[in-house]
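In what follows, a single structure is set out as structure tokens and then discussed.
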Amino acid sequence: MRDEMIDGGRAFFDPNWLREQIFETINFYDPQCIDRINGGYYHCYLDDGTICDCETKSLVGIARFIYIFSIGFLIGGSQRWKAMAEHGLCFLEEVMHDHEYGGYYWQAEKREVTDAGKYMYGQAFVLLALATADKAGIGNTRPLLDAQMQILEDHFWDDEHQLYLDAKNRDWSMTDPYRGQNANMHTCEAMIAAFEATSEQACLHRAMVLAYSVTVTLADQTGGLVWEQYDMQWQPDWEQHAEYKNNEFRLYGFVLGHSIEWSKLLMKLHDYTHEPWLVNRAVFLYRTAWKAAADPLYGGLYFSMAPDGRILDPYKYYWVMAETLGASACLTAAAPDTDFYLNRYRQLFAYCWAHFIDHRYGAWYPKLGRANLRIIYEKSPLTKTDYHPITNYYEAMHVFKK
1 MRDEMIDGGR AFFDPNWLRE QIFETINFYD PQCIDRINGG YYHCYLDDGT
51 ICDCETKSLV GIARFIYIFS IGFLIGGSQR WKAMAEHGLC FLEEVMHDHE
101 YGGYYWQAEK REVTDAGKYM YGQAFVLLAL ATADKAGIGN TRPLLDAQMQ
151 ILEDHFWDDE HQLYLDAKNR DWSMTDPYRG QNANMHTCEA MIAAFEATSE
201 QACLHRAMVL AYSVTVTLAD QTGGLVWEQY DMQWQPDWEQ HAEYKNNEFR
251 LYGFVLGHSI EWSKLLMKLH DYTHEPWLVN RAVFLYRTAW KAAADPLYGG
301 LYFSMAPDGR ILDPYKYYWV MAETLGASAC LTAAAPDTDF YLNRYRQLFA
351 YCWAHFIDHR YGAWYPKLGR ANLRIIYEKS PLTKTDYHPI TNYYEAMHVF
401 KK
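Taking UniProt numbering, the leading residue of the sequence shown gets 1, the next gets one more, and so forth.
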């Protein structure tokens, strides 16, 4: 596989080669991810694919597994992946769906719900999974998709601020005071997928509203880049709260990969609306975040930055690299200075090929130290499923086949 680099990285731009990377990544999880005892999937893996947690079921992980198998089947992969996505959809409805109050539970052990909270981040990934399965013709997901859209509207939408709330309890009677952009970003992504599946303009409109609310209204309060945490009035919360430490969904600081991920979503929206502000903001977010995140010594991109510009977390995370590949590809399609983004894409892909992609067993390593050394020895923790590499291979495929 490393011989591909001999070609000067040209394979990175080949849609057929990118499709094969999707297939190879999915193959890391196929077939051992299927839990035939409790249903659903196994969620945690060591480097060689050995399962390291046989009981925990994460809503985000389930939804992402459904997503990757749906994508694999959609682009001509194994017929078996359709059945594997359907297997996950069954567990999602039988165990994780709250048939009394609506929405989906956050976590279970085997088939017993252990966290019945309703977190917008998880609800967004359910919407993405249902929309992608619908696009692929897998299962009878359209009624579930419509119901999930209504749940989000009824229980999470903050009409005053044009954003989604972060979390509620099971019966919707209590709202968590935390406000964050992360769930809104992934809901924007899910709304784009829902629009692609249904052609409903309301989905595209909501995605546009979210994009403007986060990347303009909120970002204009914080110097242009996307800040993570806000108070109940959606004012930036600059305090580093101890209770959110190690919470991957409630991150502190300017998470530079999120600004870049937003640039990708803005370019996807531009494909459908052709509104110039989307390109202008995407270019600003991408270039400003890249300048702050790029490691001149070891390559790759740092993770997060403090309000004063200091790098908070210099480690390298797989999803930041994957999302930057997708954003770089999308920006080549409509942004000025195409060669700049092509070069960034080629440069970063070569870095990932050298350091993040496991050429022995498959899939991506999740996290590296600044000097690109391994620091954790799970290949795939509970929610990973390599959704980020797969979705961005998929984006690049579509850009480069045009």
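Think of the CB as a built atom: it goes at the ideal place given N, C-alpha and C, for glycine as much as any other residue.
- Take F73, set aside five residues on each side of it, and the residues of its chain with a beta-carbon closer than 6 Å to its own are W81, K82, A136, in chain order.
- At a Cβ-Cβ threshold of 8 Å, Q107 and D98 do not count as neighbours.
- Counting along the chain, no beta strand (DSSP E) covers D146; the unbroken alpha helix (DSSP H) around it starts and ends at 142-155.
- For the pair R206 and C188, the Cα-to-Cα distance works out to about 7 Å.
- For D53, there is no enclosing alpha helix (DSSP H); the enclosing beta strand (DSSP E) covers residues 51-53.
- Three or more beta-carbon pairs drawn from the segment 85-98 and the segment 39-58 are found closer than 8 Å, and the two stretches are therefore classed as touching.
- Apart from sequence neighbours up to five positions away, the residues of its chain that approach R111 with a beta-carbon distance below 6 Å are N38, V95, ordered along the chain.
- DSSP places L128 in the helix class (H, G or I) of the three-state scheme.
- Sixteen is the threshold: when 16 or more other Cβ atoms of the shown chains lie within 10 Å of the Cβ of S70, as they do, the residue is buried.
- Between G300 and K316, the CB-CB gap stays under 8 Å.
- Counted as a single uninterrupted DSSP element, the beta strand (DSSP E) harbouring Q107 occupies residues 107-109.
- Here A371 is exposed. Its C-beta has fewer than 16 other C-beta atoms within 10 Å.
- The Cβ neighbour count for R287, taken over all protein chains shown within 10 Å, is at least 16; the residue is labelled buried.
- With 16 or more other Cβ atoms inside 10 Å of its own Cβ, D35 counts as buried.
- When beta bridges are read from the DSSP output, L163 appears opposite D158.
- C330 sits buried, since 16 or more C-beta atoms from the chains shown fall within 10 Å of its C-beta.
- Judged by their CB atoms, T273 and M232 are not nearer to each other than the 8 Å cut-off.
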